[in-house]
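Here's the structure we're looking at; comments come further down.
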Amino acid sequence: MNRIFYLLCFLLVMLQSCKGAKAIAGSNIKKLKTEKIISNHYNKAFNFTTINAKIKVRYDDGKQSFSPNVTIRLEKDKKIWVSAKVLGITLAKALITPDKVSYYEKINNTYFEGDFILLSNWLGTDLDYNKVQQLLLGQALFNLRDDKYTSSVENQKYKLQPKKELELFERLFVLNPDNFKMFSQQLKQPLENRNLVINYGSYQKVGNQDFPKEISILATEGVAKTSIMIEYRSVDYNAKVSFPFKIPSGYEQVTIE
């Protein structure tokens, strides 16, 4: 699980008033058409070329826990670079591109180069570069424009559910009404007893845009449970960044069955 943990650690359009929209009883949230909610979600996506952020990660799988400081850098749609440190000592680095995942960790002197199968198996859902990037930015993991959804207002949030689910898969998306960013996204595989819940505790202003402040990830499979808490300490964007990554010689390659 250590190896999985290090890999996982790498890692303005305002609300328009709709003509004839009716206020929801007991709240100031207006009922919007599903298409408008989805459109606002993508119109409010964080606009950037690069991101350089410092985050604090807390990991717990019931058997062991870690709390490293992590630097994460993104080049939009191209690269995600992660460096994890404890007491100022670099313990692991990862580089994720649309084509592959690479990482190495210094405790066991191991490295991995391959596709997204490691993350996909661990979180119980097919992952790719775009899903990882969207998770970090407070956006839907799935493209909401690809399917038909029904919408409702519940607990003063917009809730989206697919009209037709993917085979063996259940999805739920809950959006904040003020910024149309994700409040929660939940993915289930009932037959395999797998659940993935990603909650966004709060958002912060970076420039004049909304960016996640806290993210909690809870993955369960049967009785096994793993939680990851992410807190963004600082976020800079559109600055020049580098992505230094080289697997040290002599490290043992990790293979995934």
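Those letters in the sequence shown? Residues -21 to -1, 1 to 236, per mature numbering (1 follows the signal peptide of the UniProt record, and there is no 0), in order. We put the beta carbon where it would ideally sit given N, CA and C, even for glycine.
Endpoints, alpha helix (DSSP H) assigned at residue i
| i | result |
| --- | --- |
| Ile16 | Thr13 to Asn22 |
Residue i to residue j span [Cα, whole Å]
| i | j | result |
| --- | --- | --- |
| Gly41 | Lys204 | 7 Å |
| Leu123 | Lys110 | 12 Å |
| Glu84 | Tyr90 | 6 Å |
| Arg212 | Glu54 | 19 Å |
| Pro47 | Lys10 | 42 Å |
| Phe162 | Trp60 | 25 Å |
Among the options, nearest to residue i - alpha-carbon criterion
| i | options | result |
| --- | --- | --- |
| Pro227 | Tyr82, Thr76, Thr13 and Ile75 | Tyr82 |
| Tyr179 | Lys225, Asn7 and Asn155 | Asn155 |
| Lys225 | Gln43, Ile75 and Leu123 | Ile75 |
| Lys72 | Lys79, Leu66, Asp56 and Ile51 | Ile51 |
| Tyr38 | Ile86, Ala32, Glu149 and Val49 | Val49 |
| Ile96 | Val80, Glu133 and Lys58 | Val80 |
| Asn26 | Phe190, Pro223, Gln140 and Thr234 | Phe190 |
| Leu114 | Ser131, Ile194 and Asp94 | Ile194 |
| Thr13 | Leu66, Lys58 and Pro141 | Pro141 |
| Asn187 | Ser62, Tyr21, Asp56 and Tyr216 | Tyr216 |
| Gly67 | Val185, Lys35 and Asp78 | Lys35 |
Residue i, DSSP secondary structure in three states
| i | result |
| --- | --- |
| Gln112 | helix |
| Ile226 | coil |
| Asn31 | strand |
| Gln118 | coil |
Bounding residues of the beta strand (DSSP E) (the contiguous stretch that carries residue i)
| i | result |
| --- | --- |
| Arg212 | Ala203 to Tyr216 |
| Ser195 | Gln188 to Glu200 |
Item to complete: Any chance you could list the beta strand (DSSP E) runs of at least 3 consecutive residues sitting entirely within the segment 129 to 182, in chain order?
Response: 136 to 141, 149 to 154 and 161 to 168
Fill in: Start-end ranges of the beta strand (DSSP E) lying completely within the segment 39 to 105, minimum 3 residues
48 to 54, 58 to 65, 68 to 75, 80 to 84 and 89 to 93
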